[in-house]
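Notes to accompany the following structure.
Numbering (my numbering), first residue to last: 2 to 302.
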């Protein structure tokens, strides 16, 4: 059995762990809220994009963005974290990728964001064509997101891939994130409209805001030329939202993991404190007994 001094050292170590995990929980909470705020901050821009899209949606049927390419290959984008300590976050994405491969038997090329994703793809002998891990940070910026989305759009429009699928954790709430395989391209016009509506319908009177879009007037440049610029912008925004969702999910998962670790550390420290008190009391009792026995022995001398 450990001595009371050894138990005291363990208690100190556990309490240090508790402090660290508590700090990491608070940091993850702040980062999660920041990712949520970034997702909310673009509502006015989304409203204007919806107004433009409403005017041009009748001219989109012939655009390549909405047609499946004549190719047997699929481009898969895998988004994970750069570190562990986020419980199920990375594992769930890896399981989703494996199950998708087994179910579809599609010929996949991979693009990865964050180190854990690239390590997984290389370790499983899949074909990795691009890795953005070195430039991917917690502070997700629009230019960084646009670089990736434009790369994906370019690959799709080249005809190399029949579709693009993104694997990531969809953010539901703080304690629930669902791994999904979301088809990014090709896309339907109705999906774009529903996406734009979902971001602003609870915050604006859309009947009033979109009233002016029913007015018929000539547009320069031509609607088709305008659509060629507007649709990539909307796709950029949709991919930016995917990155924000993935980041919010990661920070939520890490926050929950650190909270559980903190609570466990506190529980262990309390249990060890009880053991320490008993061991210390036993040691004191033994010392008192020895002194008493020594005094009694001295009386007999």
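Beta carbons: idealized from backbone N, C-alpha and C, even for Gly.
For the pair residue 163 and residue 154, the Cα-to-Cα distance works out to about 12 Å. Judged by their CB atoms, residue 33 and residue 253 are nearer to each other than the 8 Å cut-off.
With a cutoff of 8 Å on beta-carbon distance, residue 193 and residue 235 are scored as near each other. Closest in C-alpha terms to residue 100, from the list 119, 182, 172 and 245, comes 182. Here DSSP, grouped into helix, strand and coil, assigns residue 240 to helix. Burial state of residue 46 is exposed, judged by a 10 Å Cβ sphere holding fewer than 16 other Cβ atoms. If you ignore the 5 residues before and after residue 113, its C-beta comes within less than 6 Å of the C-beta of 79, 119, 122 and 132, all in its own chain and listed in chain order. Note on residue 251: 16 or more other CB atoms within 10 angstroms of its CB, so buried under the neighbour-count rule. In this structure, the beta-carbon distance from residue 248 to residue 71 does not fall below 8 Å. Measuring C-alpha to C-alpha distances from residue 157 to each of 36, 62 and 68 identifies 68 as the nearest. Under the DSSP definition of a beta bridge, residue 110 partners with 76 and 128. Between the C-alpha atoms of residue 93 and residue 31 there is a straight-line separation of about 23 Å. Per DSSP, reduced to three states, the secondary structure at residue 140 is coil, with no helix or strand assignment. Secondary structure note for residue 52: its alpha helix (DSSP H) is the uninterrupted segment 44-57. The distance from the Cβ of residue 239 to that of residue 172 is about 15 Å, inconsistent with a contact at the 8 Å cut-off. Per the C-alpha coordinates, the member of 107, 77, 56 and 188 positioned closest to residue 167 is 77. The beta carbon of residue 260 is closer than 7 Å to those of 26 in its chain, skipping five residues each way along the sequence. Around the beta carbon of residue 282, fewer than 16 other beta carbons lie within 10 angstroms, which makes this residue exposed.
Close CB contacts of residue 115 within its chain, under the 8 Å cut and outside five residues either way in sequence, are with 80, 81, 82, 83, 134 and 137 (chain order).
Beyond the five residues adjoining it in sequence on each side, residue 60 comes within less than 8 Å, by CB distance, of 224, 225 and 228 in the same chain, given in chain order.
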